[in-house]
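This report refers to the structure that appears directly beneath it.
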Amino acid sequence: MTSKRKAELQRKLSMAPLPKPPDGLADRIKRDIPNDLGMNMARERERFSRFSAMSLRVAASVIVLIGGAFLGIRLLSEMQTKNQPPASVVSEPAPKPAVMASRADVEKSESNAVAVASAPVATQKVNINRQEKGRAFGGVVGGTVGSATAGVKTEAAPVVAQAAESKDDAKTITAEAPVTVAYGTERDALRDKEAAEDRATTTTMAPAAAAPPPPAAKMAKSAPFVEAITVTRSELFGISVDRQAFERIKFAIEHGERPAASSVDVEALINYFAGAPDRVRRDAALDLEASLRPVHDGSSTALVRVTVDTAAAIHDATLEIEFDPTAVSAHHRIGGDDVDTASESIMQPSQSVTALYEVTLRPNVRPHQSVATAKLTYVSAGGSEQMLNRWVSYNEAIGAWKNRTRRHRLATLGAIWGETLRASGSGADVALKAEELSKQEPKDEKAKELATLASASSRLRSSSPTGSGR
Amino acid sequence: MASFPAQAERDEVTARWGEERRLLAAIRGGDRTAAEELVERTYSAVFASLCRLCGDRDLAADLTQETYQKAWAALPRFDGRSQFFTWLYRIAYTTFLNHVRRPRRTTSIDEPEAEEIRDGSRPVDEVIEENEESERLRAAVLQLPEDLRFTVTAHFWGGLAVKEIAGIEEITTVAIRKRLHRAFSILESLLTEEVQ
Chain A
1 MTSKRKAELQ RKLSMAPLPK PPDGLADRIK RDIPNDLGMN MARERERFSR
51 FSAMSLRVAA SVIVLIGGAF LGIRLLSEMQ TKNQPPASVV SEPAPKPAVM
101 ASRADVEKSE SNAVAVASAP VATQKVNINR QEKGRAFGGV VGGTVGSATA
151 GVKTEAAPVV AQAAESKDDA KTITAEAPVT VAYGTERDAL RDKEAAEDRA
201 TTTTMAPAAA APPPPAAKMA KSAPFVEAIT VTRSELFGIS VDRQAFERIK
251 FAIEHGERPA ASSVDVEALI NYFAGAPDRV RRDAALDLEA SLRPVHDGSS
301 TALVRVTVDT AAAIHDATLE IEFDPTAVSA HHRIGGDDVD TASESIMQPS
351 QSVTALYEVT LRPNVRPHQS VATAKLTYVS AGGSEQMLNR WVSYNEAIGA
401 WKNRTRRHRL ATLGAIWGET LRASGSGADV ALKAEELSKQ EPKDEKAKEL
451 ATLASASSRL RSSSPTGSGR
Chain B
471 MASFPAQAER DEVTARWGEE RRLLAAIRGG DRTAAEELVE RTYSAVFASL
521 CRLCGDRDLA ADLTQETYQK AWAALPRFDG RSQFFTWLYR IAYTTFLNHV
571 RRPRRTTSID EPEAEEIRDG SRPVDEVIEE NEESERLRAA VLQLPEDLRF
621 TVTAHFWGGL AVKEIAGIEE ITTVAIRKRL HRAFSILESL LTEEVQ
């Protein structure tokens with residue numbers, strides 16, 4: 001558009017006819033002037049101030065409401081945080097009435113005492129039996145010890161009781177248990193715990209104990225404080241990644257108290273120590289690694305680690321883990337329920353989740369035979385469907401723990417330490433291994449942390465009562 | 471640049487800025503005479519703006535009356551941050567828009583006005599042609615997008631300064647000038663299309 005044309009348009013617009021107002025228009029307008037102009041103003045001012053006051057009241061109410069809700073939520077979460085460390089301490093008073101009631105039941109009838117897992121009387125009985133029968137029988141006792149801390153009945157208890165009634169039966173069950181791992185006499189309880197969990201998940205071992213859920217799940221249902229932890233814990237693929245779990249344990253140990261066995265979230269500890277990778281090259285990464293246990297006892301038990309890491313958000317992720325029955329006779333997820341397939345609708349960037357499986361390997365398996373296969377399918381941020389496959393061979397599974405990645409070593413040590421805490425064991429060997437690890441890599445803060453805490457918790461065992469009947 | 475006929479009215483209103491405040495204070499105190507004086511000072515400019523917008527004297531008169539009725543009701547909410555006429559123009563413009571958007575229930579049976587043709591000093595065909603041209607321009611302005619239409623009419627027909635329009639629209643004066651530039655481009659194309 002030329003400036004000349006623009007000027008012409010401006011002229012035309014400006015030169016539009018300027019009409020004169022018709023006669024009488026001013027009078028018509030003046031007639032409309034309200035008589036109570038001043039009063040109108042006052043009324044309007046009053047109305048405005050009323051409106052302002054009302055608006056202020058509404059705004060204040062909304063602020064109070066939001067503030068109240070926020071404070072309420074804050075207080076609730078603080079109360080939960082405050083309540084959780086004491087819940088992890090053994091000297092928790094809450095379970096006592098249950099224990100006492102159980103004791104009363106035990107006193108009423110000997111047969112009832114057999115059925116009550118939490119009764120200290122029963123525990124003592126079994127402990128005596130364990131001393132009598134040595135390590136082999138200790139595997140059966142673990143179920144009782146683990147349950148006794150929560151002070152509730154468990155389905156596994158009758159099996160234990162039956163074992164207590166008949167030494168022969170007990171020996172049979174222990175002998176059949178394929179996942180019986182021990183690092184020393186001080187770890188009897190851990191072995192007991194594992195055996196109890198195996199009974200709950202493996203039908204071939206003890207049919208009577210196969211149907212009921214694992215003791216940990218039962219305890220969560222029965223004990224309110226455990227339930228609270230379960231509700232608030234954060235999970236990925238059904239695996240606990242609750243960082244608070246580690247903080248609670250650390251808090252308790254640093255304050256000279258041993259965490260209550262029932263409050264130890266082993267999965268969360270695994271995830272804490274497995275941590276996050278330095279970097280993830282793709283949207284998501286799937287890692288599968290295996291080794292023998294950190295302290296190899298000659299048994300054919302291996303630890304298989306499955307880790308998923310994300311660099312970007314992924315959707316509709318499904319994680320499948322499959323163990324080859326020709327290479328594996330039994331397997332269970334450490335600290336959690338044995339689930340082969342788990343899904344997650346969304347995973348945020350920079351998230352990591354690790355699951356650790358304990359597998360019992362069959363003898364005479366070819367070195368390259370697959371032991372475990374992991375598959376991760378997901379939809380990337382770009383909308384494309386992706387699939388990652390990993391497998392681990394028998395050769396790798398029987399490989400030495402010390403040759404594995406730092407992440408694997410830390411995760412497995414964390415798992416064993418967690419199990420030790422749950423089973424009221426010592427953890428001295430974990431501390432030793434962690435110390436070795438931290439010496440190899442002096443900058444590894446997590447190894448140092450684990451070494452310090454495991455060492456501290458092993459000292460606490462002997463100096464403070466655990467509440468587990470010992 | 472050509473001088474604007476509305477400039478005189480605008481200057482008059484601007485010059486009476488201080489006086490306007492005094493009158494408004496008196497009106498707030500309930501002084502009816504002050505309100506009448508304010509009407510006297512502003513109504514012809516309001517009428518002229520509306521007449522340019524709607525192109526109908528009678529309708530413009532009605533809309534002017536309606537504008538003032540609304541103004542009296544809304545006067546307590548006038549915060550005095552802009553000139554009274556600027557505020558009044560915004561009411562007048564909204565009143566016009568409401569009228570345009572209002573569904574028509576009546577049809578005028580009056581003959582088209584020929585008042586301007588009565589000017590004996592100019593040839594009749596010249597006056598008719600000028601009227602037709604101004605009507606085409608008005609129609610083109612009314613076809614502009616809302617923001618451009620308000621800017622053009624407020625500036626050229628309402629006599630408001632760019633700064634005042636920027637104040638009403640709560641944008642910068644540069645943005646107002648850009649609007650005017652865009653409006654000219656559209657107007658030119660509309661008028662060219664009509665001629666073709």
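From first to last, the protein sequence lines are chains A and B.
Numbering of the first sequence is given in the numbering used here, commencing with residue 1 and proceeding in unit increments.
Numbering of the second sequence is given in the numbering used here, commencing with residue 471 and proceeding in unit increments.
Just so it is clear, CB atoms sit at the ideal spot from N, CA and C, and this is done for glycine as well.
For clarity, every value in this text was computed on a predicted model and none was experimentally measured.
>> Going by beta-carbon coordinates alone, are A/S291 and A/A327 separated by less than 8 Å?
In response: The answer is no: Cβ separation not under 8 Å.
> Does the beta-carbon distance from A/L421 to A/I249 come in below 8 Å?
Replying inline: Remark: C-beta atoms of A/L421 and A/I249 approach each other more closely than 8 Å.
> Looking only at DSSP bridge pairs, what is A/E320 linked to?
Replying inline: Beta-bridge pairing links A/E320 to A/T341, A/K375.
> Would you say B/T643 reaches chain A, if we count a Cβ-Cβ gap shorter than 8 Å as a contact?
Replying inline: Interface with chain A (8 Å Cβ-Cβ cutoff): B/T643 is excluded.
>> Just to confirm my understanding: we take B/G550, look at its own chain, exclude 5 residues before and 5 after, and list those with CB closer than 8 Å. What are they?
In response: Excluding sequence neighbours, B/G550 sits near R491, L494.
> Just checking, does the region 346-353 of chain A make contact with the region 387-394 of chain A on the three C-beta pairs under 8 Å criterion?
Replying inline: The region 346-353 of chain A vs the region 387-394 of chain A: no contact.
> Just to check, is the beta-carbon of A/P277 closer than 7 Å to a non-hydrogen atom of the ligand MG?
Replying inline: The ligand MG is not among the ligands present in this structure, which contains no ligands whatsoever.
> Under three-state DSSP, which class holds A/I346?
Replying inline: Here A/I346 sits in strand by DSSP.
> Alpha carbon to alpha carbon, how far is A/A276 from A/V241?
Replying inline: Approximately 12 Å between the Cα atoms of the pair.
> Going by Cα to Cα distance, which pick from B/Y513, B/L545, B/A609, B/A541 is closest to A/W19?
Replying inline: Looking at the sequence itself, residue 19 of chain A is Pro, so the reference to Trp does not match. Closest by alpha carbon: B/Y513.
> CA-CA distance, B/S519 and B/K540?
Replying inline: Their Cα atoms are separated by approximately 17 Å.
> Which residues in the same chain have their Cβ closer than 6 Å to the Cβ of B/L612, if we skip the five residues on either side of it in sequence?
Replying inline: Cβ neighbours of B/L612 beyond the five flanking positions: none.
>> Under DSSP, the beta strand (DSSP E) around A/S438 begins and ends at which residues?
In response: Note, A/S438: premise wrong, no beta strand (DSSP E); alpha helix (DSSP H) at 428-440.
>> For a contact defined as C-beta to C-beta under 7 Å, what are the partners of A/R5 on chain B?
In response: Per Cβ cutoff of 7 Å: E658.
> Nearest-angstrom Cα distance between B/D589 and A/S52?
Replying inline: Here the model assigns B/D589 a pLDDT of 49, short of 50, so the residue's position is not dependable and the matter cannot be decided.
> Any idea what DSSP makes of A/A284, helix, strand or coil?
Replying inline: Note: A/A284 maps to strand in three-state DSSP.
>> With H, G and I counted as helix, E and B as strand and the rest as coil, what does DSSP make of A/T230?
In response: Note that A/T230 scores a pLDDT of 38, beneath 50, so its modelled location is shaky; the value from the coordinates is reported in the next line. Helix.
>> Please identify the residue among A/I321, A/R362, A/V62, A/V339 whose C-alpha is closest to the C-alpha of A/L286.
In response: For the residues A/I321, A/R362, A/V62, A/V339, the minimum Cα distance to A/L286 belongs to A/I321.
> If we cut at 8 Å on Cβ distances, does A/D32 have a partner in chain B?
Replying inline: For A/D32, the answer is yes, since a Cβ of chain B falls inside 8 Å of its Cβ.
> Hey, would you say A/D278 sits closer than 8 Å to A/A311, going by beta carbons?
Replying inline: Here A/D278 is not near A/A311, since their CB atoms are 8 Å or more apart.
> So is A/A53 in contact with chain B if we call contact Cβ pairs under 8 Å?
Replying inline: Under the Cβ distance rule, A/A53 does not count among the residues neighbouring chain B, no pair being separated by less than 8 Å.
> Since A/Q386 sits in a beta bridge, which residues does DSSP pair it with?
Replying inline: In the DSSP output, where bridge partners are listed per residue, A/Q386 has A/Y378.
> For A/L13, which three-state DSSP category applies?
Replying inline: Correct three-state label for A/L13: helix.
> When you compare only the Cα positions, how much space is there between B/I646 and B/T556?
Replying inline: Cα to Cα, the separation comes out at about 15 Å.
>> Could you tell me the alpha carbon to alpha carbon distance between A/T360 and A/G399, rounded to whole angstroms?
In response: Distance between the alpha carbons of A/T360 and A/G399 is about 14 Å.
> Where DSSP assigns a beta bridge to A/V392, which residues make up the other side?
Replying inline: When DSSP reads this structure, A/V392 sits in a beta bridge with A/A372.
> Taking the C-alpha atoms as reference points, what is the distance between B/I641 and B/K648?
Replying inline: Between B/I641 and B/K648, the alpha-carbon positions lie close to 11 Å from each other.
>> Restricting to Cα atoms, I'd like to know which of A/A245, A/R11, A/S380, A/A260 is closest to A/D316.
In response: The shortest C-alpha separation from A/D316 is found at A/S380.
> Counting only beta-carbon atoms, is B/R652 nearer than 8 Å to chain A?
Replying inline: With its beta carbon at least 8 Å from every one in chain A, B/R652 lies outside the interface.
>> Can you give me the C-alpha to C-alpha distance between A/R45 and B/R608, rounded to a whole angstrom?
In response: Distance between the alpha carbons of A/R45 and B/R608 is about 41 Å.
>> Starting from A/S329, trace the beta strand (DSSP E) in both directions and tell me its first and last residue.
In response: Segment 328-333, the beta strand (DSSP E) holding A/S329.
> Cα-Cα, which of A/R258, A/A60, A/R28, A/H408 is closest to A/I270?
Replying inline: Out of A/R258, A/A60, A/R28, A/H408, A/H408 has the C-alpha closest to the C-alpha of A/I270.
> Listing by chain order, which chain A residues have their CB less than 8 Å from the CB of B/F626?
Replying inline: Within chain A, the residues near B/F626 are Q10, L13, S14, A16.
>> Under DSSP, the alpha helix (DSSP H) around A/E247 begins and ends at which residues?
In response: It spans 243-254 - the alpha helix (DSSP H) in which A/E247 sits, taken as one unbroken run.
> Going along chain B in order, which residues have a C-beta closer than 7 Å to the C-beta of A/R45?
Replying inline: Under the 7 Å cutoff, chain B gives P546.
> Using the beta-carbon of each residue, which ones in chain A are nearer than 8 Å to B/Y563?
Replying inline: For B/Y563, there are no neighbours in chain A by C-beta distance under 8 Å, as the nearest C-beta there is about 16 Å away.
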